Every structure is written in structure tokens, then in C-alpha cells.
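In full-length UniProt numbering, the protein residues as written are 1 to 371.
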């Protein structure tokens, strides 16, 4: 009987040990995180994924790290939600309002509680030998212009702080680049000499200033780009045609100096309804050449606007091969009008990115959109 009792106690102890091991195993067994569905909104638009708070690390154990252990049966690794498919290529984008290349907004600073000093280059992209023109004005709380006390404007190269400033005369008499005499919008106009052109090429720093009563000198900065332009120009000769469901716009270019060029344009309906922004970058040799803008068919089909289409705000730039710098030309407000195409003539198929050839190594990163 004593021997039988010892056997029963041994079996009970073994069962208890098995239970303890099972509990510890369940606590320390690595768990795969559950997929988290991104929150949706009422309109069904895609919402950026919200980062989840990190889980506290497990207590240290005297066994290999959990990431090295196999996953428990019946579990799978969580996969992130897929990005929505691209509808349009990078060279065609939907346009919701007209954009004005080569311009910039007003910069402003308070002069006192009731007035603001404002400055704006008349053109942000200035191509030699065009004059540099800068607008300067002071407005009150109602937005009305007020006389400027002792207005001054000066410019110099942004890249060379040691370069002396060039003082620019400021006038409100309708001369130079000033639009109207006595309208209290003052204009500084500089027609650079050949020597000044060399000094100013690139980014130009601008300083406007006034003498505020009891406030001393009030200074406001701004900036513009002064360049030799793309050394190429459009000849005003265009062709338009449908190719494989898309609208091709072929522009003739007279190239003075070979290089890489980007042509950008905005596409509108006959009543100036904004439809698309398009661009194309090509290498061109000196002489006559062509750049063809492709307006992806789906953007025209989905807009549902019949032609003729207006090609506006056209800008040709020269790209620097060794940097992100560029030399822009002068924007053309209205460059071309196409034939009277119907929106239904264009393809409704979404953009399909080309697959790389087999064995192609992965790209090091996303490609930057050229400006």
C-alpha cells in the first residue's frame, strides 16, 4: 500500500510539472501581430495608416530570441495594406486651377499695428537682358495703399555675401517697369549692365526698406532667379494628334546650345476649364528639334470636356546635368489650340507602369519629379 501511494504522489507531481511547463510555454511563445485595418472615412477616400504604439519588450528568457523561433501553427505575418493604384503617369496630372509659372506671392512684415510693408518681384524668373523689377507697397488694415516713407531697394547675388549691393531706384511715376504713376505701388527697376549681369546670374537676394515713424528702418527681404534662359525657344509651330488613346502635342524647338530640356504646359477646355498639367524632358541637339507632350488619355476621358483644347502657361527650361538647378525661359500664356476632339475618343484605361526586365536590380529609391 505504501509503495502504491508513492507511485500516485509521483504521478501527481509529474502532472503538475507538465502543467507549469505548458503555462510558461504559452507565455513565452512568440505571437504574430494581427493585421490592423486602416480606418475609413465617410467618403471612402484612402486614409494614411496610423502608426501603432510599440508593444513593451518581453521579459528576458534564457532561450533563443523569439524572432528565431518558428511561428505557431495557424499564424501568418501581417502585411501592410496596398497603396491605391496609380491612375495617371507622373508626366500627366489633374489640374484644378490655373498655375502661373515664373511668379511668386507677396512677402509682408508688420510696420506697426495698422500697417504692413509688402514686396514682390514683378517676375520671379528673369531672363537676360530683361530688367529686374520689384514692387514695394505699404497697406493699412483695410488693404488700402499708403505713401511709402523713404523707400529703398537693393539687390545682390545670393551665393556671394561679399558682393557689394546694387542700389536700385524706386519710383511711382509710371516710368521704367512702374505700371501707373501715383497709384502708391512703387517699383524698383534695374537694367543690369553686362558686368552686373555676370555678378547677378543665379539666385538674387532683394532687400526693400522704408523709414517708419518712430520705428526706424524697416527691412523686408525677397528673392528671384536671374538666368540666361534655356538657350532654346519654341517656334510657335505645333502639331496635335491622337496616338494609342492619348493626345500628343508636338512642339518645334529652335535650340541654340545642345542640352537637356523640360517642356511643361497646362491643358484647358475651350472655355478655359482646367484639365491637366503635363511635362516632358528630352535631350536636344543644336538646331531644329521637337519635344512631344503626351496628355494621358484617361485625364481627358474622365474630365468629359470636348475640345478644342487650349495649351496655356507653357514653360521651357534647361536642366543642369550636375544639380537640381535649371534655367527657365519666359512663360507663354497661350501657345496652341488643338482640333475639336471629343473626350470619348480618348482611352479610359488607367496608367500601367512598365515592369523592369527580369534580373534588374531594385531601384535605390523613388525618382524625384523634375520642375
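Cβ atoms here follow ideal geometry from the backbone N, Cα and C, with glycine treated the same way. In this text the structure is predicted, and so the values were computed from the model without any measurement.
Residue i CB to nearest chain C CB: under 9 Å?
i: residue 263; result: You won't find chain C in this structure, because it holds only one protein chain.
Residue i: which of the options sits nearest, CA to CA?
i: residue 428; options: 148, 158, 296; result: Lying outside 1 to 371, the shown extent of the chain, residue 428 is not represented and no answer is given.
i: residue 263; options: 96, 283, 354, 199; result: 283
i: residue 232; options: 340, 89, 329; result: 329
i: residue 338; options: 313, 140, 248, 144; result: 248
i: residue 343; options: 241, 175, 303; result: 303
i: residue 202; options: 145, 159, 281, 103; result: 159
i: residue 129; options: 270, 193, 341; result: 193
i: residue 301; options: 281, 307, 276, 348; result: 348
i: residue 140; options: 226, 103, 334, 184; result: 184
i: residue 237; options: 172, 250, 89; result: 250
i: residue 115; options: 175, 138, 223, 270; result: 138
i: residue 258; options: 319, 212, 226; result: 319
i: residue 167; options: 175, 90, 134; result: 134
i: residue 222; options: 214, 117, 272; result: 117
i: residue 280; options: 210, 293, 353; result: 293
Using the Cβ count rule (16 or more neighbours within 10 Å means buried), how would you classify residue i?
i: residue 109; result: exposed
i: residue 106; result: exposed
i: residue 374; result: Missing from the structure shown is residue 374; the chain here goes from 1 to 371 and no further.
i: residue 190; result: buried
i: residue 178; result: buried
i: residue 288; result: exposed
i: residue 216; result: exposed
i: residue 241; result: exposed
i: residue 53; result: A caution first: residue 53 carries a pLDDT of 43, below 50, which makes its placement in the model unreliable, though a value can still be read off. Classification for residue 53: exposed.
i: residue 143; result: exposed
i: residue 172; result: buried
i: residue 180; result: exposed
i: residue 123; result: buried
i: residue 56; result: Residue confidence for residue 56 is low, a pLDDT of 47 falling below 50, so the modelled location carries little weight; the figure read from the coordinates is stated next. So residue 56 counts as exposed.
i: residue 355; result: exposed
i: residue 92; result: buried
Return the Cβ separation of residue i and residue j in integer angstroms, given the expectation that the two are a contact with Cβ distance under 8 Å.
i: residue 278; j: residue 265; result: 6 Å
i: residue 310; j: residue 268; result: 4 Å
i: residue 291; j: residue 314; result: That pair is no contact at about 11 Å.
i: residue 312; j: residue 334; result: 6 Å
i: residue 87; j: residue 350; result: 5 Å
i: residue 131; j: residue 224; result: Not confirmed; about 12 Å, so no contact.
i: residue 212; j: residue 149; result: 7 Å
List the endpoints of the continuous beta strand (DSSP E) containing residue i.
i: residue 140; result: 132 to 140
i: residue 330; result: Looking at the DSSP string, residue 330 is not in any beta strand (DSSP E), and its letter there is neither H nor E.
i: residue 191; result: Unbroken run through residue 191: none, as it is neither H nor E.
i: residue 148; result: Where residue 148 is concerned, there is no enclosing beta strand (DSSP E), given that its DSSP letter is neither H nor E.
i: residue 209; result: 202 to 212
i: residue 274; result: 274 to 284
i: residue 238; result: 232 to 243
i: residue 108; result: 107 to 110
i: residue 227; result: 216 to 227
i: residue 260; result: 259 to 268
i: residue 117; result: 115 to 121
i: residue 319; result: 310 to 319
i: residue 154; result: 152 to 157
i: residue 175; result: First-last for residue 175: undefined, no H or E at that position.
Return the chain-ordered list of same chain residues with a C-beta closer than 6 Å to the C-beta of residue i, the five sequence neighbours on each side being excluded.
i: residue 235; result: 252, 254
i: residue 156; result: 163, 165, 205
i: residue 208; result: 119, 136, 153, 220
i: residue 317; result: 230, 262, 326, 328
i: residue 170; result: 151, 153, 186, 188
i: residue 341; result: 307
i: residue 70; result: Residue placement at residue 70 is flagged as unreliable, the pLDDT there being 49, under the threshold of 50; the coordinate-derived value follows with that caveat. Excluding sequence neighbours, residue 70 sits near nothing in its chain.
Starting from residue i, trace the alpha helix (DSSP H) both ways and give me its first and last residue.
i: residue 248; result: Unbroken run through residue 248 is the beta strand (DSSP E), 246 to 255; no alpha helix (DSSP H).
i: residue 298; result: 297 to 303
Using a Cβ-Cβ cut-off of 7 Å (strictly less than) and excluding sequence neighbours within five positions of residue i, which residues of its own chain qualify?
i: residue 199; result: 157, 163
i: residue 97; result: 274
Counting only the same chain and skipping the five closest in sequence on each side, list residues whose C-beta sits under 8 Å from that of residue i.
i: residue 99; result: 266, 277, 313
i: residue 227; result: 125, 126, 127, 128, 201, 202, 327, 328
i: residue 298; result: 87, 88, 346, 347, 348, 349, 350, 351
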